[in-house]
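Line by line, the protein sequences are chains A and B. Numbering of the first sequence is given in this note's numbering, commencing with residue 7 and proceeding in unit increments. Numbering of the second sequence is given in this note's numbering, commencing with residue 7 and proceeding in unit increments. Each residue gets a CB set at the ideal place from its N, CA and C atoms; glycine is no exception. Treat the numbers as computed from the prediction; the structure is a model and nothing was measured. First up is the structure itself, then whatever we jot down about it.
Number of protein chains: 2
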Amino acid sequence: MVSSLIHYIQARSSSPLSEKDISLINEAFIPKKLRKRQLLLQKGEVCKYIAFIVKGATRQYTVDDEGNERVLNLCIEGWWTSDRESFHKEAPSIYNIETWEETEFLLLPKANGYYEQVNSIPAFNEMRIKLDDNQHMAAQKRLYASKNHPAHVRYDELARLYPEFLQRFPQHIIASYLGITKETLSRIRHQTAKK
Amino acid sequence: MVSSLIHYIQARSSSPLSEKDISLINEAFIPKKLRKRQLLLQKGEVCKYIAFIVKGATRQYTVDDEGNERVLNLCIEGWWTSDRESFHKEAPSIYNIETWEETEFLLLPKANGYYEQVNSIPAFNEMRIKLDDNQHMAAQKRLYASKNHPAHVRYDELARLYPEFLQRFPQHIIASYLGITKETLSRIRHQTAKK
DNA sequence: CGCGGGTTTGATGATGCTCAAGCCCGGTGG
DNA sequence: CCACCGGGCTTGAGCATCATCAAACCCGCG
Numbered sequence: 007m008v009s010s011l012i013h014y015i016q017a018r019s020s021s022p023l024s025e026k027d028i029s030l031i032n033e034a035f036i037p038k039k040l041r042k043r044q045l046l047l048q049k050g051e052v053c054k055y056i057a058f059i060v061k062g063a064t065r066q067y068t069v070d071d072e073g074n075e076r077v078l079n080l081c082i083e084g085w086w087t088s089d090r091e092s093f094h095k096e097a098p099s100i101y102n103i104e105t106w107e108e109t110e111f112l113l114l115p116k117a118n119g120y121y122e123q124v125n126s127i128p129a130f131n132e133m134r135i136k137l138d139d140n141q142h143m144a145a146q147k148r149l150y151a152s153k154n155h156p157a158h159v160r161y162d163e164l165a166r167l168y169p170e171f172l173q174r175f176p177q178h179i180i181a182s183y184l185g186i187t188k189e190t191l192s193r194i195r196h197q198t199a200k201k
Numbered sequence: 007m008v009s010s011l012i013h014y015i016q017a018r019s020s021s022p023l024s025e026k027d028i029s030l031i032n033e034a035f036i037p038k039k040l041r042k043r044q045l046l047l048q049k050g051e052v053c054k055y056i057a058f059i060v061k062g063a064t065r066q067y068t069v070d071d072e073g074n075e076r077v078l079n080l081c082i083e084g085w086w087t088s089d090r091e092s093f094h095k096e097a098p099s100i101y102n103i104e105t106w107e108e109t110e111f112l113l114l115p116k117a118n119g120y121y122e123q124v125n126s127i128p129a130f131n132e133m134r135i136k137l138d139d140n141q142h143m144a145a146q147k148r149l150y151a152s153k154n155h156p157a158h159v160r161y162d163e164l165a166r167l168y169p170e171f172l173q174r175f176p177q178h179i180i181a182s183y184l185g186i187t188k189e190t191l192s193r194i195r196h197q198t199a200k201k
């Protein structure tokens, strides 16, 4: 499982990984496997890990006062997931992270002393900076789109960028991720299908 | 000017800055001062710096097809600004970054060879990770709010979190930042003032 | 005094939500 | 084998929020 992470890091950095780096990564990351609909993180818990997804799919969501679920993020293999706020502040999370399919993770815990060591691996740090850049760009675009593009355009964008999401998550989850209701998404699909 | 940055870094990291680190920072960062309404970054240019704001205020915005300005970010002293997408990919930016007041920057360029050195200063890297965490949280909250909170709640939030923005930027800028029109903001203010 | 940017006010309309009902389909138990 | 159940998806009517367009207002400044 770790080889998939090694490959991921090397594809995203110019510095090579030494033998020592690789064995450090092997020690630092904890493999974990969950079946469908299991929680990696539960609301109220502190998020203790940054999780690399080797295989599978997850969703991150909150439950608002009226009991409605709001999906913030969808992740599949090759992505990282965690509640950075909770992880960083060591405070209870307001999110659930749930597997949608059977999912294999590699967890990097904050607590066991490896975290700082792993972060000081040049290749890992370089990858991390790129990852943060990418997440930042994606968040910025999503924010811009959420206010300036109507729902059907946001749906088309999603279908273009991440077509597999539409296969792997049901419509009401996709709708929530897009910030619309399932009814609106249904109507949008009906419209675009006609063309 | 650099002392303000040194102070900023030390306040956000557990590792100390050595004398060597400080002199490296002194060499790496380029001071720059702009008057009101000057562009730090212009649409079409590549963003060559990460900029720390020592004093002043800036806005980052795009101009859409109909010529409307859309404000993505407002920054004041003690914040960082840049177009991370352009900086990272070395591609032309779609944003303008404009000073709103007379502003002093400290620019960290990508090109002069110091960038990697500065990033490998442990205290700087630690600060950077925290900064990215914070930005990520803020972006996530803003995205959530943009879909789930009505405009007047978002305005109240902004007034609570960053009251100085309301003093330092005119209403039509604030409105655009909130993702609403100046007319809507005007009506909101009228309503809340009545209570 | 008149100009111009910023703000306010009003009328109208679009987008997408809420609520409610019906439909489709796979799974389960009689 | 079929009737029933339930989750997910669809469809419709009415409604809230907010955008658009247009006009007026306010006020500092040349």
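Taking a cut-off of 8 Å on C-beta distances, the stretch 181-196 of chain A does not touch the stretch 98-109 of chain B, as fewer than three cross pairs fall below it. Considering only A129(B), A144(B), H196(B), Y161(B), the residue with the shortest C-alpha distance to Y14(B) is A129(B). Close to chain B, meaning a Cβ-Cβ distance shorter than 7 Å, are the following residues of the stretch 88-110 of chain A: R90, E91, H94. Here V159(A) has A151 as same chain residues with Cβ atoms under 8 Å from its own Cβ, once five neighbours each way along the sequence are excluded.
For the stretch 139-155 of chain A, the set of residues with a beta-carbon nearer than 7 Å to any beta-carbon of chain B comprises D139, Q141, H142, M143, A145, Q146, R148, L149, Y150, S152, K153, N154, in chain order. Setting aside the 5 residues that flank it on each side, E83(B) is surrounded in the same chain by I59, V60, K61, G62, each with a C-beta closer than 7 Å to its C-beta; the list follows chain order. In terms of Cβ geometry, R76(A) and K153(B) form a close pair [threshold 9 Å]. Per DSSP, the unbroken beta strand (DSSP E) holding Y55(A) starts and ends at 55-61. Taking the C-beta atoms as reference points, L46(A) is found nearer than 9 Å to T64(A).
Under DSSP, I82(B) shares a beta bridge with A63(B). Per DSSP, N74(A) lies in no alpha helix (DSSP H) segment and is marked neither H nor E.
Taking the beta carbon of N131(B) as reference, the chain A residues within 7 Å of it are N131, listed in sequence order. Counting along the chain, F130(A) sits inside the alpha helix (DSSP H) bounded by residues 128-154.
Taking 9 Å as the cut-off, the Cβ atoms of K136(A) and S10(A) do not count as close. For K26(B), the uninterrupted alpha helix (DSSP H) segment begins and ends at 25-34.
Here D71(A) is exposed: its Cβ has fewer than 16 other Cβ atoms, across all protein chains shown, within 10 Å. Residues of chain B with a Cβ closer than 7 Å to the Cβ of G185(A) are, in chain order, K153. Of all residues in the stretch 75-87 of chain A, only R76, L78 place a beta-carbon less than 8 Å from a beta-carbon of chain B. The C-beta of P128(A) comes closer than 9 Å to at least one C-beta of chain B. Its chain contains L184, I186, T190, I194 as the residues whose beta carbon lies nearer than 7 Å to that of A157(B), once the 5 sequence neighbours on both sides are disregarded; these appear in chain order. The continuous beta strand (DSSP E) containing F111(A) extends over residues 109-115.
For E104(B), the enclosing beta strand (DSSP E) stretches over residues 102-105. A Cβ of chain A is located within less than 9 Å of the beta carbon of T68(B).
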